[in-house]
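Heads up: the structure comes next, in structure tokens.
If you want it as structure tokens, here you go:
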């Protein structure tokens, strides 16, 4: 299947493979899946329309190497739509990690998805990030994580203290 | 949905959950939510 042929399936393996490719190409240091899809690793499935890949940039300048990331993926057939890169009709955001999100990338859980090695934010970091953002949907995510995910309360407490975050 | 059922869904393999997310996206595209209509205005007679 061509890289931008729309797929009824969610092309997550392609997304993760591409993120590994960015490391191999020397464009980023590390990465992990964050956002709603990371939450779904721990809770019931729900509708989400994009994937968030948080990356630790190699280039610590203002652009965080994003132009090079776009150029690399566009050369592989990815398309650009607004703030997203799109693969098989599925939008992906590549977000430079700093502070709490950088820690979340470094401490992310290693998984394998359809044979592709990947990293996904730990449940405690997902909750801490949602608490730091604090929109209505973040509060709903916290509630869902508290109900369904197997959280390490000590780890969560340490993250919240380290980054001076209060739970809503 | 009952919490017990939601926890059961949460414990499914990630690959299976992602397959369900794709299905939910397809359903949302097939049956988009309609904006709720404002209530009909009442006119005094």
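Protein chains in written order, with the working numbering: chain S, 1 to 168; chain B, 1001 to 1045.
Glycine included, every Cβ here is placed at the ideal spot set by N, Cα and C.
In this text the structure is predicted, and so the values were computed from the model without any measurement.
Do you know how far the Cα of residue 1021/B is from the Cα of residue 71/S? 29 Å
Expressed to the nearest angstrom, what Euclidean distance is found between the alpha-carbon atoms of residue 1019/B and residue 164/S? 37 Å
Quick check on the burial criterion: 16 or more other C-beta atoms within 10 angstroms. Buried or exposed for residue 162/S? exposed
Using C-beta distances below 8 Å, list every residue in its chain close to residue 3/S, excluding the 5 sequence neighbours before and after it, in chain order. 14, 76, 77, 78, 87, 88
What whole-angstrom Cβ distance do residue 65/S and residue 27/S have, given they're in contact under 8 Å? 6 Å
Return the chain-ordered list of same chain residues with a C-beta closer than 8 Å to the C-beta of residue 131/S, the five sequence neighbours on each side being excluded. 138, 142, 160, 165, 166, 167, 168
Going by DSSP in three states, residue 84/S sits in which element: helix, strand or coil? strand
Excluding five sequence neighbours on each side, which residues of the same chain lie with their C-beta closer than 6 Å to the C-beta of residue 1045/B? Note that residue 1045/B scores a pLDDT of 47, beneath 50, so its modelled location is shaky and nothing firm can be said.
Identify the contact partners of residue 1017/B in chain S, using a Cβ-Cβ distance below 8 Å as the criterion. 40, 41, 44, 45
How many Å lie between residue 1030/B and residue 59/S at the Cα? 42 Å
Mapping the DSSP letters down to three states, classify residue 90/S as helix, strand or coil. strand
On a Cα-Cα basis, can you pick out the residue from 47/S, 51/S, 128/S that is closest to residue 153/S? 128/S
Hey, which unbroken runs of the beta strand (DSSP E) at 3 residues or more fall wholly within the stretch 20 to 79 of chain S? 28 to 34, 51 to 57
Please tell me whether residue 32/S and residue 133/S are closer than 8 Å, where the distance is taken between their beta carbons. no
Let me see if you follow: with CB-CB separation under 8 Å, is residue 1014/B close to chain S or not? yes
Best match in 21/S, 108/S, 91/S, 34/S for proximity to residue 69/S [C-alpha to C-alpha]: 21/S
Pick helix, strand or coil for residue 95/S, following the three-state DSSP scheme. strand
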